[in-house]
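Novice: Structure incoming, see below.
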Amino acid sequence: MRREIRIVLSWVALGVGTIMVIGSLIEILRISDAQQRSGFASSAGLLHGLVMGEVVVLVLLAVALLYVVGKRRLMILAGVVFVIGLVDVIFTAQAGVIP
Numbered sequence: 000m001r002r003e004i005r006i007v008l009s010w011v012a013l014g015v016g017t018i019m020v021i022g023s024l025i026e027i028l029r030i031s032d033a034q035q036r037s038g039f040a041s042s043a044g045l046l047h048g049l050v051m052g053e054v055v056v057l058v059l060l061a062v063a064l065l066y067v068v069g070k071r072r073l074m075i076l077a078g079v080v081f082v083i084g085l086v087d088v089i090f091t092a093q094a095g096v097i098p
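Structure below.
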């Protein structure tokens, strides 16, 4: 019973974190596109806030999954979180937030 709860919690945490990261990436790309069209840098603060929020979500996701998932899957989990973070950094750099 306890094992099933851990598995369900790990999938829920992974799903929620992934949806939040994808949503933030879409918002970053939309704001970046609007920023390039208008030529104004007024939304740079909003972009920075989204990126910082995304970093916090990734850290919380990693901590939650490390707590929920057993140690056998630790390396796979670390790889997944690393790939999500790497893709996030690439998109954020393309959006012009990271100089």
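The sequence shown begins at 0 in numbering that gives the first Met the number 0 and counts up one residue at a time.
Backbone N, C-alpha and C define an ideal beta-carbon position, used for all residues, glycine too.
What does the alpha-carbon distance come out to for the pair Ile30 and Leu8?
Specialist: Roughly 33 Å between the two C-alpha positions.
Novice: Is the beta carbon of Asp87 sitting closer than 9 Å to the one on Leu60?
Specialist: Not in contact: Asp87 and Leu60 (Cβ atoms no closer than 9 Å).
Novice: Alpha carbon to alpha carbon, what distance is there between Asp32 and Arg1?
Specialist: Using only the alpha carbons, I get a separation of about 46 Å.
Novice: From the beta carbon of Ser9, is the nearest beta carbon of chain C less than 9 Å away?
Specialist: No chain C appears in the structure shown, which is made up of a single protein chain.
Novice: Got a sec? Which residues, its chain only, sit under 6 Å from Gly14 by beta carbon, not counting five neighbours each side?
Specialist: If we look at Gly14 and ignore the five residues flanking it on each side, it has no Cβ neighbours.
Novice: Roughly how many whole angstroms lie between the Cα atoms of Val11 and Glu26?
Specialist: Each residue's alpha carbon lies about 22 Å from the other.
Novice: Only counting the same chain, and skipping five residues up and downstream in sequence, which positions put a Cβ closer than 7 Å to that of Glu53?
Specialist: Excluding residues within five positions, the ones whose Cβ falls inside 7 Å are Val20, Ser23, Asp87.
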